[in-house]
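All residue numbers in the sequence shown are consecutive under the working numbering, ending with 133.
Each residue gets a CB set at the ideal place from its N, CA and C atoms; glycine is no exception.
Down below is the structure, laid out as structure tokens.
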Amino acid sequence: IRLFPVHEDAEHLALMEHTTGKILPVSLLEGAGASLEEKGVYLTAEKRLIWPDGPVGKKVLASPTLQDTIHKPEHQTFLKFVRKCLQLDYRLRPSAASALNLEFVTLTEEDIVE
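See below:
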């Protein structure tokens, strides 16, 4: 199951970068090793993802970012929560237990501004 609706691995990775506004960690890309090229995913000499070009690349760039989707000032606490949960480096993501202590989850009715 993929969070991002795509058909190719390179498209999936590019959409992850675009949506989150973050660059995929080198450790994540290096961990995949040679199997990346077998799946049509290529890196620069600096170990940066080379995004697909043509219609696929245009589709990625036309997709909304998290900031585009969650843009209202009153939703910024939720945006911070989603960004933490969608960290590209899995080591930086909160565990389910620690996510329950993040600000968005612990908001009370009195904290919510209409």
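Contact between V79 and D28 is absent: CB atoms are separated by about 13 Å, not below the 8 Å threshold. Excluding residues up to 5 positions away in sequence, P44, S46, L47 lie with their Cβ nearer than 8 Å to the Cβ of D108 in the same chain. Taking 9 Å as the cut-off, the beta carbon of L105 is found no closer than this to the beta carbon of L68. Counting only the Cα atoms, F123 lies some 6 Å from T96.
CA-to-CA, the gap between P113 and L98 works out to about 15 Å. Boundaries of the alpha helix (DSSP H) around T38: 28 to 39.
Following the DSSP letters along the chain, one finds D87 inside the alpha helix (DSSP H) bounded by residues 85 to 88. Distances from the CA of E30 to each of K77, T125, D87 were compared; the closest alpha carbon is that of K77.
When only Cα atoms are considered, V101 and G40 end up about 13 Å apart. When secondary structure is reduced to three states using DSSP, L43 falls in the coil class, being assigned neither helix nor strand. One alpha carbon belongs to E93, the other to D130, and they sit about 11 Å apart. Exposure of H90 is indicated by the presence of fewer than 16 other C-beta atoms within 10 angstroms of its C-beta.
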